[in-house]
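A short worksheet on the structure shown next.
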Amino acid sequence: MENLPIYIAATFGFTVLLAIWLFIKAAHFSKPFLFFLLALIIIQSALGLSGFYSDLQTMSTRFPLLVMPLMVPLISLFFIRQGKAFIDSLDIKTLTVLHTIRIPVEIVLFWLFVHHAIPQAMTFEGRNFDILSGLSALLIYYFGFIKKQLSRTWMIIWNVICMLLLINVVSNAILSLPSRFQSFGFEQPNIAVGYFPFLLLPAILVPLVLFANAASIRQLILNKSIGVKNLK
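Next comes the structure, spelled out in structure tokens:
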């Protein structure tokens with residue numbers, strides 16, 4: 040991991056910043072949420088730089104500590120009154136544009152595969168089709184919100200498909216971690232997620248993107264006045 044070209048980490052770092060900016064913009068620049076994200080990034084980055092997540096003997100058992108600190112609070116928002124109000128206040132247009140960050144993420148994953156940090160199965164040359172979510176996001180934004188030619192039904196279907204594609208990626212990532220449960224990627228296991236800055240993929244990006252899909256689905260089901268056709 041020490042010999043990776045600097046442009047890989049730089050591209051990923053820019054992607055993380057872009058994702059945070061888009062999400063905070065969707066949240067109307069909520070300072071509490073921004074401070075929470077920044078604090079979490081600092082803590083997870085410090086742990087990563089200390090080698091806490093990169094030990095091959097403990098990587099798989101510590102992996103939940105990367106995902107859960109953000110994922111659990113985001114999920115809990117769907118079950119409390121203030122959380123539901125926060126979700127319903129999010130700008131669904133910006134949440135849709137947020138999914139474009141999945142394009143540079145997939146490019147970074149391919150570079151990591153080329154440099155022997157993840158298995159091929161985690162890239163678009165393998166079992167990862169998540170780049171389709173990023174490529175289609177601007178089309179959904181344009182035809183759904185600008186041209187208003189998409190019904191809420193199609194918007195819901197798209198968000199569900201995007202969630203399934205991301206869950207597929209996460210499953211592949213977990214099953215290729217070096218552990219006794221490893222199912223593939225034996226020649227090259229998934230080690231990149233244990234190192235800074237790439238640990239921010241499961242720690243920050245995956246929870247934010249999944250939450251963006253789930254929040255959009257909630258708004259669409261509740262038939263909010265968000266500029267697309269009514270449910271059909």
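Residue 40 is where the sequence shown starts when you use the numbering used here, and the numbers rise one by one after that. C-beta: ideal position from N, C-alpha, C; glycine also. Computed from a predicted model, the values in this text were never measured in an experiment.
Leaving aside the five residues that flank F182 on each side, the residues in its chain whose CB is nearer than 7 Å to its CB run, in chain order, Q188 and L189. The beta carbon of R101 sits closer than 6 Å to those of Y92, all from its chain and outside the five residues before and after it, given in chain order.
Here the alpha carbon of L204 sits roughly 7 Å from the alpha carbon of F168. Rounded to whole angstroms, the separation of the alpha carbons of F237 and L113 is 21 Å. Nearest in C-alpha terms to A251, of all of P71, M110 and F75, is M110. Per DSSP, the unbroken alpha helix (DSSP H) holding M98 starts and ends at M98 to S115. Pairwise C-beta distances place the stretch 217-237 in contact with the stretch 82-92, as three or more of them are shorter than 8 Å.
Listed in chain order, the alpha helix (DSSP H) elements of length 4 or more contained wholly in the stretch 138-214 are 141-153, 170-180 and 191-214. In the DSSP annotation of this structure, A66 is not part of any alpha helix (DSSP H), being labelled neither H nor E. Minimum Cα-Cα distance from T50 among the listed residues R257, F149, I126 and I81 corresponds to F149. Excluding residues up to 5 positions away in sequence, A58 lie with their Cβ nearer than 6 Å to the Cβ of L244 in the same chain.
By the C-beta criterion, the stretch 127-144 is judged to be in contact with the stretch 170-180, since at least 3 inter-stretch pairs fall below 8 Å.
Bounds of any alpha helix (DSSP H) do not take in L216, whose DSSP letter is neither H nor E. Judged by DSSP in its simplified three-state form, Y46 adopts helix. For D127, the secondary structure class from DSSP, reduced to helix, strand or coil, is helix. Annotated three-state conformation of I256 is helix, per DSSP.
Per DSSP, the unbroken alpha helix (DSSP H) holding L86 starts and ends at K70 to L88. Judged by pairs of C-beta atoms under 8 Å, the stretch 139-149 touches the stretch 51-70, as three or more such pairs exist. Take the alpha-carbon of I185 and the one of M107: they are about 36 Å apart.
A straight-line Cα-Cα distance of about 19 Å links N207 and F225.
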